[in-house]
Ligand SMILES: NC(=O)C1=CN([C@@H]2O[C@H](COP(=O)(O)OP(=O)(O)OC[C@H]3O[C@@H](n4cnc5c(N)ncnc54)[C@H](OP(=O)(O)O)[C@@H]3O)[C@@H](O)[C@H]2O)C=CC1
Ligand SMILES: NC(=O)C1=CN([C@@H]2O[C@H](COP(=O)(O)OP(=O)(O)OC[C@H]3O[C@@H](n4cnc5c(N)ncnc54)[C@H](OP(=O)(O)O)[C@@H]3O)[C@@H](O)[C@H]2O)C=CC1
């Protein structure tokens, strides 16, 4: 058995939350009314959504970001929801607006996410932000949280990304595709894989970096990996486990047990990408608040 | 020496122009005032831009699309140009607006291309169209012409694209990146390469499809290719050639002589992607005109 490094998103995320908190306190010394504010709209009451919303609320609190969760009825009409969003867009004291996905079937997700002001779109899902992210030298207001969390984890390894072969398993709009864009911008050579990829184990033989975001429990196997690959596991899957009180167990898209012996760095599930996602969200809200303040000429323009 | 198929963009483009012409004449039988109209703005007088503009004008004429080229002075101010664009955006008789790139240095290319109405952006460079193209199930009004020309050429081979390994050499916003998006949407497994890609010949060993768009004369060599690869050469490069009256010779990004013996299909330069680009532009104008007409309820909604 050889040594691998566990990339603990949990610890890194905690550090980021503390840093955000410090930064906010420091700004408040000069601008007492500085108050980064995140609004979350949760439509309906899916239990998984409630769990995620709670994690976002907790992380906001720990980071010194005010967060208000508003629960809206499952059967809200599109017009009512759009009106709500418009009010929030126009409310200067709210810096970030997050609509918890997925939405009930009668609501058009594309339409709703694009109704959020691009400069309050802390999830990074607005067409403007998606378009800018996909371009070279594009300037999105916000980078989507999960992909940005993956990138931060990769940077934590200290390994230069330039010229590395990165294989992304998954091409969804919220994970796979933006991860591909981000790593391309870091000058990785990026291969994007999906359901119709025919020779994935062979493609992985050449991968210095693997990001698994396919929603398939324990999918990536150790003997597919190149020796010393860096492995980021985005997956959140529940599989039956009679030894647990809940009757189920959380696993990623990577078969951790076989992969840890090949990887140089590997993220655990839970405690890997999940907490990073939430930390990146909070950072986006802080950034939005700083931009708003600097536009009020109260702060110098921030990086 | 073995057999390869020459993918003649020249011939396919000609067919597309004739088809467009037929379609326009047919629509005119029902809607006599139907008149697809392309406006081209050329700022300054770069000789290469003049050549490209002329090709677009000729192709429009051959396809039955009206085309007006307006030449603006090199030193036009950004405000004047933006005013001009606004007028054209508001002019219902103009269906497509193309600003010939590159622009003089004092004009911000991003700002100018984004000033064109997304639904007249027949080049497909507007942020809206870029963003939609990069998303799964996104709905751009227009697909950028050169990438779409590459896709059409690949489809001409009759080879199913699903599951094929495609390697794209180049990641520019106007060629490499949108080609990657289009082929990903066709369910290819896509690898995007660039200047920092470290082992390109090795990566190409696995490529069923190669799209070369790196602007490096005769760059891709035959012994890098997988046997029977399909090779699309986007490059337009001039190299010195004393045997020519002009003193120069046009070559692509692919070393045609060594590659033709490995490839199953290969595009020539000239006569490959170039004419397809112009044909796709004309098709975009026709589509814009059809959409405008159908919104006037004069035509049934078109595909
Ligand atoms: N940690 C976090 O904070 C977050 C975690 N997640 C988790 O990440 C995972 C991915 O999420 P998301 O992108 O939204 O999921 P989607 O279901 O939207 O996308 C899954 C992607 O994986 C591809 N895929 C599916 N099966 C295979 C296979 N056998 N081989 C190769 N590719 C395959 C799909 O291909 P195709 O396109 O062909 O269908 C698709 O592109 C999930 O487990 C999700 O729970 C998601 C968001 C946040
Ligand atoms: N036929 C047609 O209608 C058209 C043809 N073209 C032609 O296509 C070619 C590409 O155009 P365009 O995309 O605008 O060019 P750009 O110069 O904008 O982009 C070139 C791309 O190739 C990459 N590249 C450069 N050198 C290498 C190398 N040695 N190995 C691997 N990748 C490399 C660059 O990488 P990096 O990002 O790291 O710099 C960059 O991404 C040109 O020859 C152009 O004339 C363009 C438009 C239309």
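Residue numbers (the UniProt record's numbering), protein chains in the order written: chain A, 54 to 356; chain B, 54 to 356.
We treat Cβ as the ideally placed atom computed from N, Cα and C, and that holds for glycine.
As the structure is a computational prediction, the values presented were derived from the model and not from experiment.
Per-residue contacts from residue i into chain A (C-beta, under 7 Å)
i                     : result
residue 249 (chain B) : 215, 216 and 240
Residue i versus the options, residue with shortest Cα-Cα distance
i                     : options                       : result
residue 147 (chain A) : A:139, A:158 and A:125        : A:139
residue 249 (chain A) : B:243, B:247 and B:249        : B:243
residue 199 (chain B) : B:329, B:273 and B:289        : B:329
residue 65 (chain B)  : B:305, B:307 and B:210        : B:210
residue 263 (chain B) : B:332, B:282, B:231 and B:85  : B:282
residue 274 (chain B) : B:314, B:107, B:188 and B:152 : B:314
residue 67 (chain A)  : A:81, A:111 and A:82          : A:111
residue 179 (chain B) : B:217, B:166, B:189 and B:98  : B:166
residue 155 (chain A) : A:100, A:194, A:323 and A:288 : A:100
residue 197 (chain A) : A:173, A:60, A:98 and A:141   : A:173
residue 223 (chain B) : B:246, B:252, B:130 and B:347 : B:246
residue 265 (chain B) : B:238, B:108 and B:308        : B:308
residue 235 (chain B) : B:84, B:214, B:252 and B:251  : B:214
residue 345 (chain B) : B:325, B:84, B:78 and B:177   : B:84
residue 70 (chain A)  : A:341, A:336 and A:349        : A:336
residue 72 (chain A)  : A:340, A:192, A:135 and A:349 : A:340
One or two residues paired with residue i in a DSSP bridge
i                     : result
residue 413 (chain A) : The first residue shown for chain A is 54 and the last is 356, placing residue 413 (chain A) beyond what the model contains.
residue 221 (chain B) : B:245 and B:264
residue 95 (chain A)  : A:124
residue 318 (chain B) : B:58 and B:283
residue 169 (chain A) : Residue 169 (chain A) is not bridged to any residue.
residue 90 (chain B)  : B:119
residue 273 (chain A) : A:307
Closer than 8 Å at the beta carbon, the chain B residues around residue i
i                     : result
residue 243 (chain A) : 244 and 245
residue 224 (chain A) : 189 and 237
residue 344 (chain A) : The premise fails here: residue 344 (chain A) is roughly 19 Å from chain B at the closest Cβ pair, so nothing lies under 8 Å.
Contacts of residue i in chain B (Cβ-Cβ under 7 Å)
i                     : result
residue 211 (chain A) : By Cβ distance, chain B contributes nothing, its closest Cβ being about 18 Å from residue 211 (chain A), past 7 Å.
Contact list for residue i against chain A, beta-carbon separation under 8 Å
i                     : result
residue 183 (chain B) : 184, 187 and 188
Contact set between residue i and chain A, taken where Cβ atoms lie within less than 9 Å
i                     : result
residue 256 (chain B) : 218, 242, 244 and 259
residue 301 (chain B) : Those within 9 Å of residue 301 (chain B) in chain A number zero; the least Cβ separation is about 29 Å.
residue 230 (chain B) : 187, 188, 189, 234 and 237
Range covered by the beta strand (DSSP E) that runs through residue i
i                     : result
residue 121 (chain B) : 119-125
residue 214 (chain B) : Unbroken run through residue 214 (chain B): none, as it is neither H nor E.
Inter-residue CB distance, residue i and residue j (contact presumed, cutoff 8 Å)
i                     : j                     : result
residue 338 (chain B) : residue 175 (chain B) : 5 Å
residue 127 (chain A) : residue 96 (chain A)  : 7 Å
residue 272 (chain A) : residue 294 (chain A) : Not quite, the Cβ-Cβ distance comes to about 17 Å (not below 8 Å), so this is no contact.
residue 257 (chain A) : residue 277 (chain A) : 4 Å
residue 220 (chain B) : residue 260 (chain B) : 4 Å
residue 322 (chain B) : residue 286 (chain B) : 5 Å
residue 333 (chain A) : residue 202 (chain A) : 5 Å
residue 320 (chain B) : residue 149 (chain B) : That belief does not hold up - the Cβ atoms of residue 320 (chain B) and residue 149 (chain B) are roughly 26 Å apart, past 8 Å.
residue 182 (chain B) : residue 117 (chain B) : With a Cβ gap of about 25 Å, residue 182 (chain B) and residue 117 (chain B) do not count as contacting.
residue 91 (chain A)  : residue 151 (chain A) : 7 Å
residue 105 (chain B) : residue 153 (chain B) : 7 Å
residue 113 (chain A) : residue 142 (chain A) : Their Cβ separation, rounded to whole angstroms, is 20 Å, which puts residue 113 (chain A) and residue 142 (chain A) out of contact at 8 Å.
residue 284 (chain A) : residue 241 (chain A) : Incorrect: roughly 15 Å between the Cβ atoms, too far for contact.
Delimiting residues of the alpha helix (DSSP H) encompassing residue i
i                     : result
residue 331 (chain B) : 326-348
residue 208 (chain A) : 198-209
residue 106 (chain B) : 100-116
residue 141 (chain B) : 131-142
residue 156 (chain A) : Counting along the chain, residue 156 (chain A) falls outside any alpha helix (DSSP H), and DSSP gives it neither H nor E.
residue 185 (chain A) : 180-187
residue 146 (chain B) : Segment: none, residue 146 (chain B) is in no alpha helix (DSSP H) and carries neither H nor E.
residue 255 (chain A) : 253-257
residue 160 (chain B) : Neither: residue 160 (chain B) is in no alpha helix (DSSP H) and is coded neither H nor E.
residue 323 (chain A) : Residue 323 (chain A) -> no alpha helix (DSSP H), and no H or E assigned at all.
residue 193 (chain A) : No alpha helix (DSSP H) contains residue 193 (chain A), which DSSP labels as neither H nor E.
Chain-ordered chain B contacts of residue i [CB-CB under 9 Å]
i                     : result
residue 180 (chain A) : 180, 181, 184, 185, 188 and 191
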